[in-house]
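See structure below.
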Amino acid sequence: MTAQITGEITASFEGREYRLMLGLRGIARLQEEYGKELTPLMEMSEGNSIPDMNVLLRVVDIALMRHHDDVGEDVAEGLLMQDMDLPGKLLAAAFPTVEDAGGNGKGKRRAGR
Numbered sequence: 001m002t003a004q005i006t007g008e009i010t011a012s013f014e015g016r017e018y019r020l021m022l023g024l025r026g027i028a029r030l031q032e033e034y035g036k037e038l039t040p041l042m043e044m045s046e047g048n049s050i051p052d053m054n055v056l057l058r059v060v061d062i063a064l065m066r067h068h069d070d071v072g073e074d075v076a077e078g079l080l081m082q083d084m085d086l087p088g089k090l091l092a093a094a095f096p097t098v099e100d101a102g103g104n105g106k107g108k109r110r111a112g113r
């Protein structure tokens with residue numbers, strides 16, 4: 001996976017490459033669903049709980065919408081199954097000061113949080 005622009009990464013699934021974008025609209029949608037501080041994702045990054053698959057899948061679903069709104073649910077699930085750190089990587093790409101949020105437990109919050 002490679003970061004291209006803020007909030008965008010590429011990932012492959014079943015021989016096809018996908019551009020995943022977690023831009024301002026995506027973050028806003030997640031905040032609408034999970035609160036301004038994205039508490040479920042931040043709690044997972046601290047490693048204190050079992051990951052909420054609904055939240056992780058939702059991050060990948062939203063990231064697929066900009067460039068691949070025609071793909072089925074199996075793509076988000078497949079991408080996540082290949083890389084459970086994908087939501088954290090998307091958040092890290094969207095907010096370079098937030099590393100691995102919702103991913104491998106090595107999360108870092110922005111200063112003051």
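Read in my numbering, the sequence shown has 40 at position 40, and its numbers run on one by one without any break.
Each residue gets a CB set at the ideal place from its N, CA and C atoms; glycine is no exception.
- When DSSP states are grouped into helix, strand and coil, residue 9 belongs to the strand group.
- Counting of Cβ neighbours within 10 angstroms places residue 12 among the exposed residues, the total staying below 16.
- Contact between residue 23 and residue 66 is confirmed by a C-beta separation of about 7 Å, below the 8 Å threshold.
- DSSP, read as helix, strand or coil, puts residue 17 in strand.
- In this structure, residue 90 and residue 20 form a Cβ contact; the two beta carbons are roughly 6 Å apart against a cut-off of 8 Å.
- For the 8 Å CB-CB criterion, residue 29 and residue 62 form a contact.
- Residue 78 carries a helical assignment under DSSP once its states are collapsed to helix, strand and coil.
- Inclusion of residue 45 and residue 7 in the CB contact set at 8 Å is not warranted, their separation being larger than that value.
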